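Our numbering numbers the first residue of the sequence shown as 51 and each following residue consecutively.
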Amino acid sequence: MEFFSLMHRFAIIPLSLSLHFIQAHAEKRLEFFESRIRPVLVENCYECHNSINKASSGLALDYKGGLLKGGERGSVLSFENPQESLLLRAMMHDISNLKMPKGGPKLSPDVIQDFERWIS
């Protein structure tokens, strides 16, 4: 009986460490989003693509569900292949009739790289 109790204690250690690393990774991703991604979305996207005024595309970028759902053109994020994400391609001006931010300059390579990192 004492042997099994000891085994259970040793089994808890790796599990606890794994949970700690998962939580730390999630916190880093959230911090990255809040410091590098959300400010760009607020400055360049939220005016037209928010949950109240989705412009003509039906896309809301001001909450997680809107980002995951996408708009009339479908999903804007491709987690398997970030380079193919509609959001990223629009920011890179890769699609002739879909250049975002609309009427504005192409976002800097550093910002685009941050979005690619965030999507992946």
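No residue lacks a Cβ here, since even glycine has one placed at the ideal position from N, Cα and C.
Fair warning: this is a prediction, and the values are worked out from it, not measured in the lab.
Report task. Quick one: grab the DSSP three-state call for G115. Result -> Residue state, collapsed to three classes: helix.
- Query: If you draw a straight line from the C-alpha of E166 to the C-alpha of L138, how long is it?
  - Reply: Cα-Cα distance, rounded: 7 angstroms.
- request: Could you pull out every residue in the same chain whose Cβ sits closer than 6 angstroms to the Cβ of L91, ignoring the five residues on either side in sequence?
  value: Hits under 6 angstroms: L111.
* Could you check how far apart the C-beta atoms of L109 and G120 are, in whole angstroms? I think they sit under 8 angstroms. => 7 angstroms between Cβ atoms; contact.
Worksheet item: Among all the DSSP beta bridges, which residues are the ones paired with L148?
Response: DSSP, once it has assigned bridges, lists I145 as partnering L148.
Would you mind giving the Cβ-Cβ distance between S135 and I169, rounded to the nearest angstrom? I have them listed as a contact below 8 angstroms.
-> Their Cβ separation, rounded to whole angstroms, is 5 angstroms, which keeps S135 and I169 in contact under 8 angstroms.
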